[in-house]
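When we follow the numbering used here, the leftmost residue of the sequence shown carries the number 416, and every step to the right adds one.
As structure tokens, the structure follows; a few thoughts come after it.
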Amino acid sequence: MIRFLTAGESHGDKLIGILEGIPSNLKINKGYIDYELSRRQKGYGRSDRMNIESDKVQIVSGLDEKVTTGAPISLVIDNLAKGTNNDDYLQPRPGHADLAGLIKYNQLNAKNILERASARETAMRTAIGAICKIFLSEFGIKIFSHVISISDIESNIDYYKSWSEIDFSLADNSTLRMIDSDAEKIAKERIDFGYEEGFTLGGKVEIIIKNVPIGIGSHIQWDRRLDGKIAQSMMSIPGVKAVEIGLGETIKNYHGNLSNDEIFYSEDKGYYRKTNLAGGIEGGISNGEDIVVRITMKPIPTQQKPLKTVNIITKEETKAFTQRSDVCAVASLSIVAEAMAAISISEAFMEKFSGDSMEEVKRNFINYQNYTDKR
Ligand SMILES: Cc1cc2nc3c(=O)[nH]c(=O)nc-3n(C[C@H](O)[C@H](O)[C@H](O)COP(=O)(O)O)c2cc1C
Numbered sequence: 416m417i418r419f420l421t422a423g424e425s426h427g428d429k430l431i432g433i434l435e436g437i438p439s440n441l442k443i444n445k446g447y448i449d450y451e452l453s454r455r456q457k458g459y460g461r462s463d464r465m466n467i468e469s470d471k472v473q474i475v476s477g478l479d480e481k482v483t484t485g486a487p488i489s490l491v492i493d494n495l496a497k498g499t500n501n502d503d504y505l506q507p508r509p510g511h512a513d514l515a516g517l518i519k520y521n522q523l524n525a526k527n528i529l530e531r532a533s534a535r536e537t538a539m540r541t542a543i544g545a546i547c548k549i550f551l552s553e554f555g556i557k558i559f560s561h562v563i564s565i566s567d568i569e570s571n572i573d574y575y576k577s578w579s580e581i582d583f584s585l586a587d588n589s590t591l592r593m594i595d596s597d598a599e600k601i602a603k604e605r606i607d608f609g610y611e612e613g614f615t616l617g618g619k620v621e622i623i624i625k626n627v628p629i630g631i632g633s634h635i636q637w638d639r640r641l642d643g644k645i646a647q648s649m650m651s652i653p654g655v656k657a658v659e660i661g662l663g664e665t666i667k668n669y670h671g672n673l674s675n676d677e678i679f680y681s682e683d684k685g686y687y688r689k690t691n692l693a694g695g696i697e698g699g700i701s702n703g704e705d706i707v708v709r710i711t712m713k714p715i716p717t718q719q720k721p722l723k724t725v726n727i728i729t730k731e732e733t734k735a736f737t738q739r740s741d742v743c744a745v746a747s748l749s750i751v752a753e754a755m756a757a758i759s760i761s762e763a764f765m766e767k768f769s770g771d772s773m774e775e776v777k778r779n780f781i782n783y784q785n786y787t788d789k790r
């Protein structure tokens with residue numbers, strides 16, 4: 416069973432992570448984890464904290480030299496922007512955990528809530544996801560992501576006609592992770608305007624998971640459905656307000672005869688589809704097609720022109736406190752979402768092919784492949 420925990424505050428000394436369930440004998444390349452952390456830090460529209468931080472992971476346990484032992488892997492990332500957030504925050508920000516959190520945890524200061532609720536924690540999720548990506552790559556599974564829209568500015572990609580021709584890795588060449596360079600240009604102008612005028616922006620990201628074998632996840636119990644697991648992991652990312660799989664919410668516009676992927680068979684391909692409207696999951700089970708997930712992020716809630724709130728001591732109307740904050744973090748969200756997808760897919764993958772060593776998991780995987788090849 417794959418599971419993880421994180422600890423640490425946004426401006427505390429360090430972020431801590433523990434990842435359990437990765438089999439023994441998997442070689443871990445620390446440089447790759449640092450590379451993933453640097454991908455999360457990039458992105459047009461982020462705050463100048465990204466110039467302060469230079470995230471690097473330290474792996475404290477679970478490896479013998481560079482190879483997993485099967486023991487929990489513990490990770491540390493230093494915060495460089497530590498200790499800069501010591502004030503009393505008595506003016507909770509709308510759109511944050513501040514007010515509900517300080518009442519729930521009986522705090523007199525929103526600082527103790529926001530320091531943990533901050534998306535800084537997603538740096539550790541990115542590191543943990545990077546290890547899961549290394550694990551999945553042993554089975555040919557690859558994860559891509561790109562930004563579909565910033566606010567109402569959308570990439571113009573005809574997904575369902577040219578899906579197989581799109582090179583999703585091109586997103587890595589764009590500071591906004593947009594494949595459509597015309598849309599990227601307009602989106603950057605809008606973000607610049609956001610900096611000038613003091614408003615923030617949300618957007619939509621697409622995650623594509625390739626080469627997932629047929630049969631991950633299950634229809635037999637609610638909590639084993641792969642779409643359910645993915646939805647929970649995506650929704651757990653701060654700021655994410657909607658998750659879609661395949662056609663997602665636009666499916667309501669189609670009649671049933673046009674909203675399902677017809678099934679074909681040929682000697683050389685076996686079963687195959689000509690479309691992927693289901694986004695690679697049917698009945699909670701992967702069907703062998705690309706898994707396609709879209710997530711929508713709300714505009715960043717911290718405002719440079721603060722919204723109305725109430726002072727929690729005097730109960731008088733005031734303005735929410737403000738601090739250094741991103742104008743748009745959708746590009747970074749896309750890397751965090753890749754990480755969360757890697758964790759969820761690894762979890763479901765291990766549920767199916769479980770083993771304590773990589774050799775055992777690979778045996779189970781190959782046996783199953785031999786079986787599915789004959790179906
Ligand atoms: C990568 C990333 C960066 C973020 N940066 C900020 C930020 O700088 N300022 C801010 O107010 N919110 C930021 N957020 C969003 C908040 O963390 C989030 O809206 C808040 O914790 C409340 O959670 P909720 O929106 O899910 O209700 C960021 C989210 C992500 C994923």
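Glycine included, each C-beta is placed from N, C-alpha and C at the ideal position.
Quick caveat: nothing in here was measured; it's all calculated off a predicted structure.
For A422, the enclosing beta strand (DSSP E) starts and ends at 418-422. Distance from the C-beta of P509 to the nearest heavy atom of ligand 1 is not below 7 Å. Setting aside the 5 residues that flank it on each side, A586 is surrounded in the same chain by H561, R592, I594, each with a C-beta closer than 6 Å to its C-beta; the list follows chain order. In this structure, M773 lies near S439, with their beta-carbon atoms less than 8 Å apart.
Assignment of alpha helix (DSSP H) within the region 562-598, counting only whole runs of 4 or more residues, yields 574-577 in chain order. Using a C-beta cut-off of 8 Å, the region 448-460 makes contact with the region 743-759, since at least three inter-stretch Cβ pairs fall below that distance. At a cut-off of 3 residues, the continuous stretches assigned as beta strand (DSSP E) that sit fully inside the region 592-633 are 618-625.
Distances taken from the Cβ of K713 to the heavy atoms of ligand 1 include one shorter than 7 Å. Between the C-alpha atoms of I631 and R540 there is a straight-line separation of about 22 Å.
L490 has G432, I474 as its beta-bridge partners, per DSSP. Around the beta-carbon of R790, fewer than 16 other beta-carbon atoms lie within 10 Å, marking it exposed. For G661, the secondary structure class from DSSP, reduced to helix, strand or coil, is coil.
The beta carbons of Q718 and T615 sit closer together than 8 Å. Rounded to whole angstroms, the Cβ separation of I645 and S759 is 5 Å, and the two are in contact under 8 Å. In the three-state reduction of the DSSP assignment, T717 falls in the coil class, being assigned neither a helical nor a strand state. If you draw a straight line from the Cα of I488 to the Cα of K723, it comes to about 44 Å. Under DSSP, F679 forms a beta bridge with Y687. Around the beta carbon of E580, a 10 Å sphere encloses fewer than 16 other beta carbons of the protein chains shown; the residue is thus reported as exposed. At least one heavy atom of ligand 1 lies closer than 7 Å to the C-beta of I652.
Across the structure, E704 and T483 are spaced so that their CA atoms are roughly 30 Å apart. Shortest Cα-Cα distance from G685 to any of G544, V620, A538, Y786 involves Y786. Here D582 is exposed: its Cβ has fewer than 16 other Cβ atoms, across all protein chains shown, within 10 Å. Annotation for V658 indicates a beta carbon at 7 Å or more from all heavy atoms of ligand 1. Looking at the backbone, the Cα of E682 and that of R688 are separated by about 14 Å. Looking at K442, G699, L490, Y447, the one whose alpha-carbon comes closest to that of A422 is L490. The continuous beta strand (DSSP E) containing T724 extends over residues 723-725.
DSSP lists no beta-bridge partner residue for T541.
Taking the CA atoms as reference points, Y610 sits about 46 Å from S633. By the Cβ rule, the region 650-663 does not count as touching the region 730-739, because fewer than three pairs are nearer than 8 Å. Nearest Cα to S701 within the set I546, S570, S761: S761. According to DSSP, residue pairing for T483 in a beta bridge involves L478. Less than 8 Å divides the Cβ of K471 from the Cβ of D449. Judged by the Cβ position, A744 qualifies as a neighbour of ligand 1 at the 7 Å threshold, a heavy atom of the ligand being closer than this. According to the DSSP assignment, V707 belongs to the beta strand (DSSP E) that extends over 706-712. The beta carbon of P716 sits closer than 7 Å to at least one heavy atom of ligand 1. Bounds of the alpha helix (DSSP H) holding K789 are 773-789.
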